[in-house]
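Reviewing the structure listed below.
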Amino acid sequence: MKMKIRPMIEMAKRHPAIDAANQTQCRNIVIYGYCRFQDRGCIFNHDTSNISPSKNPVSPSQGGNHIGSDMSKRKLNVESASFTPGQSPSFGNAIMASPQQSKLNPKALEAAVFTPRVNTLGLSTATPPMSGAPMPQMNLMDPMMQAAGCVEQISPWWQSDAHIITPTSYMQPEIPPFPNLSQTFDGMTLDQTQMPQNPYEYNPVAPQHAAQVNPYAHQNNPTDVYYGQQSFTQPLQYHLYAPLGPHKQNLLSYQRTVHDLFLKDNIREDLQKKAEATLQTLPNSTLPSVDSYHTLVPLDLHTPKPQGKNAPAPPPSTFGYTSWVYKAINSKDGMPYILRRLEGFRLSNEKAIRVVEHWKRVLSANVVTVHDAFTTRVFGDNSIVFVFDYFALSQTLQEVHFGPNSRYQNRHHGPHQNQTQNANTEHTLWSYIVQITSALKAIHAAGLAARTIQPNKILLTNRNRIRINCCSIFDVLHFESGRTLLELQQDDYIAFGKLILSIACNNPHAINNAQKSMDYVGRTFSPELKNFLLYVFNGPASGGPRTMDELLSMISFQMIQNFDSSLHQNDVLESQLSRELENGRLVRLLCKFGFINERPEFAHDRTWSETGDRYLITLFRDYVFHQVDEAGNPVIDLVHVLSCLNKLDAGTDERIMLVSRDEQNCLIVSFREDLSNPAPTYKPKRLGPLTPSDVFIPRHRLPPTPQIQPPNPPVQPTILHAPPPNPHVQIPNLGIQPRPPPSSLGRVPGAMPSTLQAAMLPQQQYSQTPCPAHQPQQRQQPQFFPRHPAYTAPRPLPHLNQPRPYAPQPYGLGATWTVIRPPVSNAPPREFKPIPIVHPENRRPKSATKAQNLAKTGTDAVDVLSSAQDANGPTDSGDNSVVTTTTTS
Ligand SMILES: Nc1ncnc2c1ncn2[C@@H]1O[C@H](COP(=O)(O)OP(=O)(O)OP(=O)(O)O)[C@@H](O)[C@H]1O
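Here full-length UniProt numbering is used: the first residue of the sequence shown is 1, the next is one more, and so on.
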């Protein structure tokens, strides 16, 4: 503002027409009755004595005596007349009626009356339903205003202190801006992002207007499919599964199969086989390492190769030399590659091998990329080795279509053969044609020729997915053959036709009787296929060489169909991929469970026992995996497991109830606050970031003196002793599976007692008084359920019998891990009663009667010890597991 006023004053001093301007009535006086720039450099006349009250746009009811110096400073107030656009005196009309009009610029008199358009939001410019001064519309783009000098030198009121002219009685609330609402003024478009709305045009209090507000109006980009999402963003629920298509159609809407949650078995099996083949090694191999490639495994085992010096010479391969194909691992990047060795080749021209550099630039999904070529003597002869990409378990088209195990072998030739087989064959043929055409286009565009379009040099790496193999080899071998590129490329077309003809006729020698084979193709397949073959064999009817553009236009329809199939395949694979989306996270969680649960050696450790946070994880494990139904049978609900694990990983606010194994304590815990924090000494916040190194650190990474101080005292979960259930209380459904009453439960881990329903009420409704069920006289004797006949007790782990409280144990491949214990604080330990976990085979009942009962029921040692405690009273805390283990040993 100051930047604009100062030049105005300076201009006024030196402007020759300053006197004339002093005679001109300031329009702010005319319009508003005052000018807030009067004392700040406005050069126009601010004398209000010559303005008739009746001509003043302010309500006549206010009287002319209000329009004096007093009123000129007065803001609009509640007594002002309401503003109605249709009837209110517009700015132009006011000027026309003013006796000062002769002092105004003539252009101002001709200015059009500005009537704002009704904007696209439906926010009309109608008078707001409030009392206030009439608010004339002011067009700052009006040339009249500009000529009067008000616009250029004085910032518009809405860009400076908008509140100055706000009626005192009208507390203007925060008005959201409505950007990008353009209005056209005399051919000019105003972007209202720079020009906020006139607050008098719209009453934000009016409900009908509020309903018309478009929150997405500021995002008018039609190409932005995510428009408006910023306004209503919700926190992402990472524990929820979103089903991605394609979906099965034959299931009811609520039905899901387990396979819907995971990768398809055939894809998994295929990938696993390929991984296995990639990692395959040859035991007792005598093959040397070549350059940086080691662990060579020969792949061309079908072709007999000479063994020994006196063996007969093998039939020459495609390249005229005895060829060997090895899978090898490159020590530089650890990736598998194919080494194709041509035995007995002597390189005569160094330039020949540099052709491979040109082939490295050919990027096509249908060409096996060549990486390198070099000569070597490590095999005891002069050999040249070409390095290609390795595609595990790929087969050549020769093996697929003409090999002894080919599934095409049983197809009969002739007009009476299966129509379905013909259709499938033609579909396959067009897929090959499109892919080879795509490869040839890339190769020819690079100024090269494939020269290896033949069944034994085209790899099938997936279903109907082919790649031209061994490119560049002929270019090196026949570097100085003297043939032109055009000839070689034309040969590619003919080889292409031969390949398709032989596969169509299911005969590798079909080309030997070309006419008969073409007749067969004409009878069996579509005319388009025959036309394609005629083109690649004979060239265009007009003569001249075959061109890729003509070929592409000829097969364009089939290309579109193949492209569509490819997109469908992409969708399927993406859908399959999404099913594995959560698995990595869930496996990580399960690993953490494995690290924490069932560690009897930590039974005396406060942080690992019943009073430690890790105890929650043990109970949560029971909650997730050891659910039981009313009859005490295990509930195997995979959705429940996945849902719980996802909620834990996402750290949701949801609360669940965990029940101790002796059913004496109920713990209401939240995924975020309690369960996600099993080791507060190390990670005060959540389980999520907990890594194995939080619990175990490899020995070689151990600091010399681990001094880990807990940042905060461990937060213990609130243990609530639930009062007896109130039958009049409505039980909210928290999504927890209903549990059987304790009378039918017995000592099933994770089972929920009868106090569950009451405990599911909000936390503050409970007193922290001891649970009535906790009283010894009310404790029930456990009931045992017989084991399933198929249950076989696991064998004891050997280390459980050894006194190794914190001895290092080997984990993984030879790594030595050591447990890092948190420092023990000086505070007196809280009283706790660890649950003895003793393996069934290690237990030793204290009486023969119990041993007999044990033999009958087959319950585990936990049950036995608990029953012993029930009968004999609580044993010395902390000794249970040790005593039992020692007795066994
Ligand atoms: N890049 C590759 N990735 C994976 N496997 C390959 C690759 N190249 C070839 N193979 C495999 O190697 C085996 C032999 O291929 P090769 O090209 O030598 O066939 P061939 O009939 O022996 O040819 P040649 O007459 O030249 O010896 C085939 O089973 C093929 O699947």
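The beta carbon of each residue, even a glycine, is placed where N, CA and C say it ideally should be.
Using a Cβ distance threshold of 8 Å, V355 and I468 do not count as a contacting pair.
C505 and Y493 have their C-alpha atoms roughly 18 Å apart. The DSSP-derived three-state label of N45 is strand. By the CB criterion at 8 Å, D300 and Y337 fall outside the cutoff.
Inclusion of F593 and I617 in the CB contact set at 8 Å is warranted, their separation being smaller than that value. Linking Y326 to N646 through their CA atoms gives a straight-line distance of about 45 Å.
According to the DSSP assignment, C644 belongs to the alpha helix (DSSP H) that extends over 638-650. Taking a 10 Å sphere around the C-beta of P527, we find fewer than 16 other C-beta atoms and assign the residue as exposed.
Of L619, G651, S556, the smallest CA-CA separation from L658 is found for L619.
Only buried fits G651, as 16 or more other CB atoms lie within 10 angstroms of its CB.
With a cutoff of 8 Å on beta-carbon distance, G447 and L485 are scored as near each other. With respect to S383, R341 sits close: the two C-beta atoms are nearer than 8 Å.
Just measuring C-alpha positions, the residue of Q398, D622, T396 sitting nearest D662 is D622. In the three-state reduction of the DSSP assignment, M518 falls in the helix class, which pools H, G and I.
Proximity of the beta carbon of I338 to ligand 1 is indicated: a heavy atom of the ligand is located closer than 7 Å. When C-alpha distances from V587 are compared across E673, L648, D571, S517, the shortest belongs to L648.
Only residues of its own chain outside the window of five on either side were considered, and among them L263 have a CB closer than 6 Å to the CB of E580, listed in chain order. Beta-bridge annotation (DSSP): D389 is paired with Y337.
Excluding residues up to 5 positions away in sequence, P545, R546 lie with their Cβ nearer than 7 Å to the Cβ of G539 in the same chain. Close CB contacts of V641 within its chain, under the 7 Å cut and outside five residues either way in sequence, are with V624, F625 (chain order).
Shown here, H294 sits in a strand according to DSSP, grouped into three states. Bounds of the alpha helix (DSSP H) holding A275 are 265-279. Bounds of the alpha helix (DSSP H) holding K360 are 355-360. In the structure shown, D19 adopts helical secondary structure according to DSSP, grouped into three states.
For the beta strand (DSSP E) assignment, the uninterrupted runs of no fewer than 3 residues enclosed by the segment 421-469 are, from N- to C-terminal side, 458-462, 465-468. Take the alpha-carbon of Q435 and the one of L460: they are about 11 Å apart.
Going by DSSP, V400 is part of the alpha helix (DSSP H) stretching over 397-402.
Between V290 and A352, the C-beta spacing is not below 8 Å.
Checking the 7 Å criterion, the Cβ of Q398 is within range of a heavy atom belonging to ligand 1.
Distance from the CA atom of D564 to the CA atom of E276, rounded to whole angstroms, is 32 Å. Shown here for C26: same chain residues with a beta carbon closer than 7 Å to its own, the five before and five after excluded, namely C35, C42, F44, N45, H46 in chain order. Relative to the Cα of W359, the nearest Cα in the group I443, Q454, F374 belongs to I443.
A distance criterion of 7 Å places the beta-carbon of T618 beyond contact range of ligand 1, judged by its closest non-hydrogen atom. As far as DSSP is concerned, D549 takes part in no beta bridge. Cβ-Cβ distances below 7 Å link L533 to G497, I500, L501, M518, V521 in the same chain, with the five nearest sequence neighbours on each side left out; the list follows chain order.
Taking a C-beta distance under 8 Å as the contact criterion, F386 and I473 qualify as a contact pair.
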